[in-house]
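Chemist: Got a structure here, written out as structure tokens. Questions coming.
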Amino acid sequence: MILAGPSSELPFDKYKRWQWWFIVALSIAFLIIGNSAAVIFGRFYYDQGGNSKWMATLVQTAAFPILFIPFFAIPSSSEASTSSAPPSFKVIVLIYFVLGVLIAADNMMYSTGLLYLSASTYSLICASQLAFNAVFSYFINSQKFTALIINSTVVLTFSASLLAVNEDSDKPSGLSQGKYIVGFLVTLGASALYSLILSLMQLSFDKVLKNETFSVVLEMQMYTSLVATCASTIGLFASGEWHSLHGEMEGFKKGEVAYVLTLVWTAVAWQVCSVGVVGLIFLVSSLYSNVISTVSLVVTPIASVIVFHDKMNGVKIISMLLAIWGFASYIYQNYIDDLMTRRAQAVASKSHDDSSC
Numbered sequence: 485m486i487l488a489g490p491s492s493e494l495p496f497d498k499y500k501r502w503q504w505w506f507i508v509a510l511s512i513a514f515l516i517i518g519n520s521a522a523v524i525f526g527r528f529y530y531d532q533g534g535n536s537k538w539m540a541t542l543v544q545t546a547a548f549p550i551l552f553i554p555f556f557a558i559p560s561s562s563e564a565s566t567s568s569a570p571p572s573f574k575v576i577v578l579i580y581f582v583l584g585v586l587i588a589a590d591n592m593m594y595s596t597g598l599l600y601l602s603a604s605t606y607s608l609i610c611a612s613q614l615a616f617n618a619v620f621s622y623f624i625n626s627q628k629f630t631a632l633i634i635n636s637t638v639v640l641t642f643s644a645s646l647l648a649v650n651e652d653s654d655k656p657s658g659l660s661q662g663k664y665i666v667g668f669l670v671t672l673g674a675s676a677l678y679s680l681i682l683s684l685m686q687l688s689f690d691k692v693l694k695n696e697t698f699s700v701v702l703e704m705q706m707y708t709s710l711v712a713t714c715a716s717t718i719g720l721f722a723s724g725e726w727h728s729l730h731g732e733m734e735g736f737k738k739g740e741v742a743y744v745l746t747l748v749w750t751a752v753a754w755q756v757c758s759v760g761v762v763g764l765i766f767l768v769s770s771l772y773s774n775v776i777s778t779v780s781l782v783v784t785p786i787a788s789v790i791v792f793h794d795k796m797n798g799v800k801i802i803s804m805l806l807a808i809w810g811f812a813s814y815i816y817q818n819y820i821d822d823l824m825t826r827r828a829q830a831v832a833s834k835s836h837d838d839s840s841c
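Position 221 of the sequence shown, counted from 1, bears residue number 705 in my numbering, the numbering being contiguous throughout.
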């Protein structure tokens, strides 16, 4: 797996190997299932008469209180910190506040993009976050560029570019080509900002918090979500969209109960996804977390075809294949890094044993 940074310790040093792989697998499942379900529910909200971008933004973080369940249920490790001088309270608050505001802005951009795009097109454009994360990881997290990473970055750029020039796009009914372009650009910008947030989270874990327990991961998610939820709530009321929510619920095509359940399950799905994202940042790296996010490229478009009858034209199919190619290149790079790391650990362990004799 890709290391968090040049000076970081591998999290699986603190677990048995099967335990580490189990937690990683669980985080991957949370991320893929949560992200795919959240996008489907979000598009369903718009298709059935929902129109509030701030409400769609709010539900992406509003369910963060459910994280208190694993927070209190999972005991914290006794090896709580790698630093003798923990960061000050003001520094921690500043980190959570800045990240929370960025998350709220990013969620708003994603909500706008999903309003103007089909679920399948939206998901494929989001693949560009992998290329953005490679760049941010290089400058912020000292992640090295390799031929495979460069290959993936270029291929994913081509994948997103194909959708940008796709004239036969399946826009939601009633939307102009201009709004499609706006949706494309906003989603692309949201992908870039999301990648920046992941790299900043990893930097916070490595350089500031220096605390490698799962409780710290959950605290990061809960407090940044709290800030993002407050910011989204302020936006909902400041924009005046809250006035239309009652009429929106009454006019929802599937009924008022379905309206409430759609928002509730969207909120839950986003939190499940977020736990997977932050868990993989903690266990491996922000880059690897973003790599796994692209697996939803295979799941979400297929689910969109089944649920919403989205068209999968030739351009989309080629774009998906390019995205899978880029994803495969990253996975193979992860395999090489993992192999080299374990060989280095084996050599170091043998040298230590020889010196002890």
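We treat Cβ as the ideally placed atom computed from N, Cα and C, and that holds for glycine.
It should be emphasised that the depicted structure is a prediction, and the values quoted were computed from it without experimental measurement.
Return the CA-CA distance between Val543 and Leu583, expressed in angstroms with no decimal places.
Modeler: Approximately 17 angstroms, taken between the alpha carbons.
Chemist: Output the distance between the C-alpha atoms of Glu725 and Gly719, rounded to the nearest integer angstrom.
Modeler: Rounded to whole angstroms, Glu725 to Gly719 spans 9 angstroms at the Cα level.
Chemist: Would DSSP call Asn591 helix, strand or coil?
Modeler: helix
Chemist: So the candidates are Val744, Phe642 and Leu767; which of them puts its Cα closest to the Cα of Ile507?
Modeler: Leu767
Chemist: Identify whether Lys737 lies in helix, strand or coil by the three-state DSSP scheme.
Modeler: The three-state reading of DSSP puts Lys737 in coil, since its state is none of H, G, I, E or B.
Chemist: Using 7 angstroms as the cut-off, classify the Cβ of Val523 as near or not near the heavy atoms of the ligand NAP, replying yes or no.
Modeler: The ligand NAP is absent from the structure shown, which contains no ligands of any kind.
Chemist: Tell me the DSSP secondary structure of Ser565 in three-state form.
Modeler: Because Ser565 carries a pLDDT of 48, less than 50, the predicted location of this residue cannot be relied on, and no value is offered for it.
Chemist: Would you call Lys737 buried or exposed, if buried means 16 or more other Cβ atoms sit within 10 Å of its Cβ?
Modeler: exposed
Chemist: Taking 8 angstroms as the cut-off, decide whether the C-beta atoms of Ser683 and Ile624 are in contact.
Modeler: yes
Chemist: For Ile681 and Leu586, what's the separation of their Cα atoms in angstroms?
Modeler: 7 angstroms
Chemist: Within the continuous alpha helix (DSSP H) that includes Leu677, where are the two ends?
Modeler: Gln661 to Leu687
Chemist: Specify, as a first and last residue, the run of the alpha helix (DSSP H) that Gln613 falls within.
Modeler: Ser612 to Ile624
Chemist: Between Glu732 and the rest of its own chain, which residues show a CB-CB distance below 7 angstroms, the 5 nearest in sequence each way excluded?
Modeler: Gly533, Gly534, Asn535 and Ser536
Chemist: Find the nearest neighbour of Ala603 within the set Glu740, Ser777, Leu764 and Tyr530, judged by alpha-carbon distance.
Modeler: Of the candidates Glu740, Ser777, Leu764 and Tyr530, the one whose C-alpha sits nearest the C-alpha of Ala603 is Tyr530.
Chemist: Who are the near neighbours of Ser562 in its chain, counting only those whose CB is closer than 8 angstroms to its CB and skipping five residues on each side?
Modeler: Residue confidence for Ser562 is low, a pLDDT of 49 falling below 50, so the modelled location carries little weight and cannot support an answer.
Chemist: Residues in the same chain with beta-carbon distance under 8 angstroms from Phe525, minus the five sequence neighbours each way, listed in chain order, please.
Modeler: For Phe525, where only same-chain residues beyond five positions count, the Cβ hits under 8 angstroms are Thr746, Trp749, Thr750 and Ala753.
Chemist: Tell me the DSSP secondary structure of Asn519 in three-state form.
Modeler: helix
Chemist: Just checking my contact of Ser675 with Phe616 at CB under 8 angstroms: how many whole Å lie between their CB atoms?
Modeler: Correct: roughly 6 angstroms between the Cβ atoms.
Chemist: For Tyr743 and Tyr678, what's the separation of their Cα atoms in angstroms?
Modeler: 28 angstroms
Chemist: Mark Arg827 as exposed unless 16 or more other C-beta atoms lie within 10 angstroms of its C-beta, in which case mark it buried.
Modeler: exposed
Chemist: Where does Phe555 fall in DSSP's three states?
Modeler: helix
Chemist: Could you compute how far the alpha carbon of Leu805 sits from the alpha carbon of Gln686?
Modeler: 29 angstroms
Chemist: Going by CA-CA distance only, name the one from Phe514, Met539, Leu729 and Gln613 that's closest to Ala712.
Modeler: That would be Met539, whose Cα lies nearest to the Cα of Ala712.
Chemist: Val577 to Gln755, Cα distance in whole Å?
Modeler: 21 angstroms
Chemist: Comparing alpha-carbon positions, which option in Leu614, Phe721, Glu740 and Val701 lies nearest Leu551?
Modeler: Val701
Chemist: Would you report the Cα separation of Pro570 and Lys691, rounded to the nearest angstrom?
Modeler: Our two residues, Pro570 and Lys691, have alpha carbons roughly 11 angstroms apart in a direct line.
Chemist: Between which two residues does the alpha helix (DSSP H) harbouring Leu608 extend?
Modeler: Ala603 to Ile609
Chemist: To the nearest angstrom, how far is it from the Cα of Ile808 to the Cα of Gly673?
Modeler: 21 angstroms
Chemist: State the start and end residues of the unbroken alpha helix (DSSP H) segment that holds Lys691.
Modeler: Taken as a continuous stretch (DSSP letters only), Lys691 belongs to no alpha helix (DSSP H), as it is neither H nor E.
Chemist: What do you get for Ala513, buried or exposed, if any count of 16 or more other CB atoms within 10 angstroms of its CB means buried?
Modeler: Classification for Ala513: exposed.
Chemist: Taking only the alpha-carbon atoms, compute the straight-line gap between Ser890 and Asp822 and give it to the nearest angstrom.
Modeler: Residue 890 lies beyond the stretch modelled for the chain, which goes from 485 to 841, so this question has no answer here.
Chemist: So is Ala832 in contact with chain D if we call contact Cβ pairs under 8 angstroms?
Modeler: The chain labelled as chain D is not found in the depicted structure, where only one protein chain is given.
Chemist: If you count every other CB in all the chains shown that lies within 10 Å of the CB of Phe629, and 16 or more means buried, which is it?
Modeler: exposed
Chemist: Which term fits Pro785, buried or exposed, when burial requires 16 or more other beta carbons within 10 angstroms of its beta carbon?
Modeler: buried
Chemist: Assign Lys834 to one of three DSSP states: helix, strand, or coil.
Modeler: helix
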